[in-house]
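> There's a structure below that I have some questions on.
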Amino acid sequence: MKISRPLKLRPISIMLAIATLLVISIVQAPRCEAYDLFAPVTDYFANWFTRVDRTQAEQPHWMTPLVTVTPRLEQEYRYDQLWQSQPRGKALNNFGANKGLELIPADPIEVILGVPGYIVQGGTGKKASGWADETFLIKYRLLSANEESGNYILSLFLGVSVPTGDDPMSLRETIYTPTIALGKGWGNFDIQSTVAAALPDGGMNRLGSPLLWNTTFQYHIEQFFLWPEVETNYTWWPNGERVGKSQLFLTPGVILGRFPVWKRLRFVIGAGYQVAVTKNPLFNNGVVLSVRTPF
Numbered sequence: 000m001k002i003s004r005p006l007k008l009r010p011i012s013i014m015l016a017i018a019t020l021l022v023i024s025i026v027q028a029p030r031c032e033a034y035d036l037f038a039p040v041t042d043y044f045a046n047w048f049t050r051v052d053r054t055q056a057e058q059p060h061w062m063t064p065l066v067t068v069t070p071r072l073e074q075e076y077r078y079d080q081l082w083q084s085q086p087r088g089k090a091l092n093n094f095g096a097n098k099g100l101e102l103i104p105a106d107p108i109e110v111i112l113g114v115p116g117y118i119v120q121g122g123t124g125k126k127a128s129g130w131a132d133e134t135f136l137i138k139y140r141l142l143s144a145n146e147e148s149g150n151y152i153l154s155l156f157l158g159v160s161v162p163t164g165d166d167p168m169s170l171r172e173t174i175y176t177p178t179i180a181l182g183k184g185w186g187n188f189d190i191q192s193t194v195a196a197a198l199p200d201g202g203m204n205r206l207g208s209p210l211l212w213n214t215t216f217q218y219h220i221e222q223f224f225l226w227p228e229v230e231t232n233y234t235w236w237p238n239g240e241r242v243g244k245s246q247l248f249l250t251p252g253v254i255l256g257r258f259p260v261w262k263r264l265r266f267v268i269g270a271g272y273q274v275a276v277t278k279n280p281l282f283n284n285g286v287v288l289s290v291r292t293p294f
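Note that numbering that gives the first Met the number 0 has the sequence shown beginning at 0, numbered continuously upward.
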């Protein structure tokens with residue numbers, strides 16, 4: 000069922016993220032010994048971080064790549080910045096890139112509450128700016144083993160993009176993105192990969208249903224908190240306006256972290272450069288900056 004365009008969820012996603020963090024923080028405080036009718040609920044939040052630690056101990060401890068969505072379950076707040084050079088002298092800046100709050104509410108589940116990015120189109124031609132669509136994603140981890148027990152993971156995702164953005168930034172359709180994600184590590188080296196299809200609930204002649212395949216080759220230099228990587232980001236359109244076309248980007252990059260900040264809080268920062276190696280891409284090249292605070 001199509002979701003009407005007038006719906007605006009941008010403030011909702013931000014308020015949900017803030018409210019969730021406040022609830023988790025409040026219930027971590029010592030509780031009264033008196034009988035509590037809401038004990039099951041307060042116990043759930045009081046044990047939140049214990050549950051997160053147990054869940055993450057059962058999987059590899061690789062770094063989340065710059066573009067590829069990791070099959071790992073992660074808990075953090077993330078902000079990305081994109082600068083893209085487009086065909087015919089156009090340019091695009093994306094503030095936020097629809098990243099946001101990532102939570103592990105249960106084992107083996109992660110939920111991502113995306114905060115819509117603010118997009119500015121410049122360069123030659125018509126200028127435009129506005130908010131992108133709202134996005135959500137849920138991960139379900141099927142199999143995993145940490146570095147001592149096999150160093151692998153297999154997960155399923157379902158992403159949803161809701162058409163709440165401003166024209167011309169909105170895709171104007173609800174889009175569902177089922178994904179298979181897997182990874183394997185050997186010592187300090189790992190490969191993480193996802194295969195997905197973007198399925199709109201309308202506008203098929205315009206958007207099509209592209210297939211997306213992202214793969215990251217990553218190495219960990221432990222003594223310097225350093226994670227150099229190279230990604231391949233491939234998209235093929237079997238239908239829609241770009242029927243028969245494909246694009247492939249190579250994305251070398253480096254990520255630094257997880258630096259301890261305070262108690263559970265960590266800091267991660269990374270950057271990469273995307274360059275198209277096929278004809279007629281959506282953009283020619285771009286810079287990716289990613290800042291995360293795992294907790």
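Yeah, the Cβ is synthetic: ideal placement off N, Cα and C, and Gly gets one too.
Closest to V242 by C-alpha separation, out of D189, N204, F188, would be which residue?
In the sequence shown, residue 242 corresponds to position 243, counting from 1. It is N204.
> Can you give the Cα-Cα distance for Q273 and T250, rounded to whole angstroms?
Here the question's residue 273 lines up with position 274 in the sequence shown. Here the question's residue 250 lines up with position 251 in the sequence shown. Going by the C-alpha atoms only, they are around 4 Å apart.
> Quick check: the stretch 167–181 against the stretch 43–55, are there 3 or more CB pairs under 8 Å?
At 8 Å Cβ cutoff, the stretches do not touch.
> Please give the ranges of any beta strand (DSSP E) in the stretch 61–93, keeping only runs that are unbroken, at least 3 residues long and fully inside the region.
Segments of the beta strand (DSSP E) lying fully in the stretch 61–93: 75–84.
> Quick one: give me the first and last residue of the beta strand (DSSP E) that W236 is part of.
Numbered from 1 along the sequence shown, position 237 holds the residue referred to as residue 236. Where W236 is concerned, there is no enclosing beta strand (DSSP E), given that its DSSP letter is neither H nor E.
> If you count every other CB in all the chains shown that lies within 10 Å of the CB of K138, and 16 or more means buried, which is it?
Counting from one through the sequence shown, the residue named residue 138 turns up at place 139. Looking at its Cβ environment, which holds 16 or more other Cβ atoms inside 10 Å, K138 is buried.
> Short of 6 Å in beta carbon distance, which residues of its chain neighbour G122, apart from the five on each side in sequence? Order them along the chain.
Position 123 of the sequence shown holds residue 122. Correct list, in chain order: G88, K89, A90.
> Less than 6 Å between C-beta atoms, sequence neighbours within five positions excluded: which residues of the same chain meet that for D79?
Within the sequence shown, numbered from 1, the residue matching residue 79 stands at position 80. The residues are A96, K98, S289.
> So Q217 is in the beta strand (DSSP E); what residue range does that whole segment cover?
Against the sequence shown, residue 217 aligns to sequence position 218. Segment 210–218, the beta strand (DSSP E) holding Q217.
> Terminal residues of the continuous alpha helix (DSSP H) containing D52?
Taking the sequence shown and counting its residues from 1, the one referred to as residue 52 is at position 53. D52 -> alpha helix (DSSP H) spans 47–56.
> Which same chain residues end up closer than 6 Å to T215 when comparing Cβ atoms and leaving out the 5 residues on each side of it in sequence?
Residue numbering aside, residue 215 sits at position 216 when the sequence shown is read from its first letter. Around T215: P64, T67, Q191, E228, E230.
> If I follow the unbroken beta strand (DSSP E) through N284, where does it start and stop?
Translated into positions along the sequence shown, residue 284 becomes position 285. It spans 284–293 - the beta strand (DSSP E) in which N284 sits, taken as one unbroken run.
> What distance in whole Å lies between the Cβ atoms of L155 and I179, which are believed to be in contact at a cut-off of 8 Å?
Looking up residue 179 in the sequence shown gives position 180. Looking up residue 155 in the sequence shown gives position 156. I179 to L155, Cβ: 6 Å. Contact.
> Measuring straight from C-alpha to C-alpha, what distance separates V287 and L206?
Working through the sequence shown from its first residue, we reach residue 287 at position 288. Working through the sequence shown from its first residue, we reach residue 206 at position 207. Distance between the alpha carbons of V287 and L206: 24 Å.
> Please determine, among T292, P86, E147, the residue with the shortest C-alpha to C-alpha distance to P259.
The residue labelled residue 259 in the question sits at position 260 within the sequence shown. Minimum Cα distance to P259 is reached at T292.
> Give the straight-line distance between the Cα atoms of L310 and E73, rounded to the nearest whole angstrom.
It is not possible to answer for residue 310, since the shown part of the chain is limited to 0 through 294.
> Please confirm whether L153 and L136 have their CB atoms less than 8 Å apart.
Walking along the sequence shown from the start, residue 153 turns up at place 154. Walking along the sequence shown from the start, residue 136 turns up at place 137. Against a cut-off of 8 Å, the Cβ pair of L136 and L153 comes out as no contact.
> Alpha carbon to alpha carbon, what distance is there between E172 and G201?
For the purposes of this step, residue 201 is taken as the residue at position 202 of the sequence shown. For the purposes of this step, residue 172 is taken as the residue at position 173 of the sequence shown. Those two C-alpha atoms are separated by around 6 Å.
> Opposite A96 in the DSSP bridges: which residues?
Residue numbering aside, residue 96 sits at position 97 when the sequence shown is read from its first letter. Answer is none; A96 lacks a bridge partner.
> In its own chain, which residues sit with a C-beta less than 7 Å from the C-beta of W212, not counting the 5 before and 5 after it?
Walking along the sequence shown from the start, residue 212 turns up at place 213. So the qualifying residues of the chain are V194, Y233.
> Identify the residues that DSSP records as bridge partners of A131: which are they?
Locating residue 131 in the sequence shown gives position 132, counting from the first residue. Paired residues: none, contrary to the question.
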